[in-house]
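Working notes, beginning with the structure itself.
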Amino acid sequence: LAQGTFRLKSALLTLAMSQSQVSKKRKFVADGVFNAELNEFLARTLGEDGYAGVEVRVTPIRTEIIIRATRTREVLGEKGRRIRELTALVQKRFGFPENSVELFAERVENRASCAMAQCESLRFKLIGGLAVRRACYGVLRFIMENGAKGVEVIISGKLRAQRAKAMKFRQGYLISTGEPKRHYISEAVRHVQMRQGTIGIKVKIMMSHDPEGKMGPKMQLPDNVVVHEPKEEAVPMMPPPEQEEQQYGGGYNQGYNNQGYNQGYNQGYQQQEGY
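Now the structure itself:
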C-alpha cells in the first residue's frame, strides 16, 4: 500500500511539472493568438488615428507593447489618459499582473509607405461618400509622390450596382515573390461596412531602397543593376607644326632643296655644256 501511494504521488508530481512547462508548439500558438487579438483590438480602437501595427517585446521585468501610428498625439490622449486606459484594458483582458505591461506610442516616419495607414485613409474616404475611382486614384497619387516604387489597390464588393465586382488600380513596379518581398512589400486588408454591403480593400505598397533604413529597407534588391557614368577619356594632344617637321626630317621643300642635290644638278649641267 505504501509503495502504491508513493507511485501515485510521483505520478501527480510529474503531471504538475509537465503542465507548468508548456510545450513550444503550444507557446507559439498562444503567442500568435495573443498578437492577432491585440492587433484586432487596437485596429478597431485606433483606426481613426492612423494605426499602423503593433510590436510586442517581452523582457524579464515587464512586457512592452509598442503601438505604431501616424498621429501619436491622439493615441496618447490628453496628459496620457488614453494610453493609460488602453493599458488597463489590455492588462485586464489578458490577465497580466499589476505593473507588468506597458504601452508606448511610436510615430510612423513615412506614412505614404505604410499600407495599414493608407488602407484606413481609403476606408474613411469611402465611408464619407467619396466616389471609388476618385478615392483610389487620390491614394495612388499620394503614395507615388512620396517616393514609393509601386502600389496596387484592389476594391471588391457592391461598388455601384447590385452585382459585386472587383477593381484594380496599379502604378509603378511591384514584386510578388521571393525573399525581397518580406522586406520591400507592405500589405494590408480592411473591410468597410457600407449601406449596400461589405466592401473589401487591399493595399500593397513596394517601398524604395534606403541605405540608412529609415524610409525603406536597407537591403538592396538582388537583381538591381547599377549603370555607372562613363569615365572621361584623355584626348591625345596634337603636336605643333614645328615639332612635326623636326620629327619627320623636314618639310617637302627642305627635302628637295638641300645642298647635295643642288651640287649634283649643277655638275651634270656643266658637263652637258662642255660636251
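If you're matching positions, the sequence shown starts at 166 in our numbering and goes up one per residue. All C-beta atoms in this analysis are idealised placements derived from N, C-alpha and C, irrespective of residue type, glycine included.
If you reduce the DSSP assignment to three classes, tell me which class A353 lands in. strand
Are there three or more Cβ pairs, one per stretch, closer than 8 Å when the region 271-281 is compared with the region 234-242? yes
How long is the line joining the alpha carbons of P376 and I364, rounded to whole angstroms? 38 Å
DSSP bridge partner residues for A331 (one or two, in chain order): S321
Rounded to whole angstroms, what's the CA-CA distance from I320 to K367? Just pull it up for me. 7 Å
Under 8 Å between the Cβ atoms of A313 and A277? yes
Taking the alpha-carbon of G381 as reference, which of M371, P387, F259 has the nearest alpha-carbon? M371
For a quick check, are the C-beta atoms of E229 and E267 less than 8 Å apart? yes
Using only CA atoms, which one of C301, K346, N311, F269 lies nearest to R246? F269
So is D214 buried or exposed if we call it buried at 16+ other beta carbons inside 10 Å? buried
Unbroken alpha helix (DSSP H) run spanning E205, endpoints: 189-210
What does the Cβ neighbour count give for P226, buried or exposed, with the cut at 16 atoms within 10 Å? Here the sequence assigns Ile to residue 226, which means Pro is not the residue at that position. Classification of I226: exposed, given that the 10 Å Cβ count is below 16.
Could you spell out where the alpha helix (DSSP H) holding K290 opens and where it closes? 280-292
R238, DSSP secondary structure in three states: helix
I'd like to check one pair, L203 with Y216: are the Cβ atoms closer than 8 Å? no
I need the straight-line Cα distance from C279 to V316, nearest angstrom please. 11 Å
Can you grab the Cα-Cα spacing for the pair R191 / L339, in whole Å? 37 Å
Kindly indicate which three-state DSSP category T224 falls into: helix, strand or coil? coil
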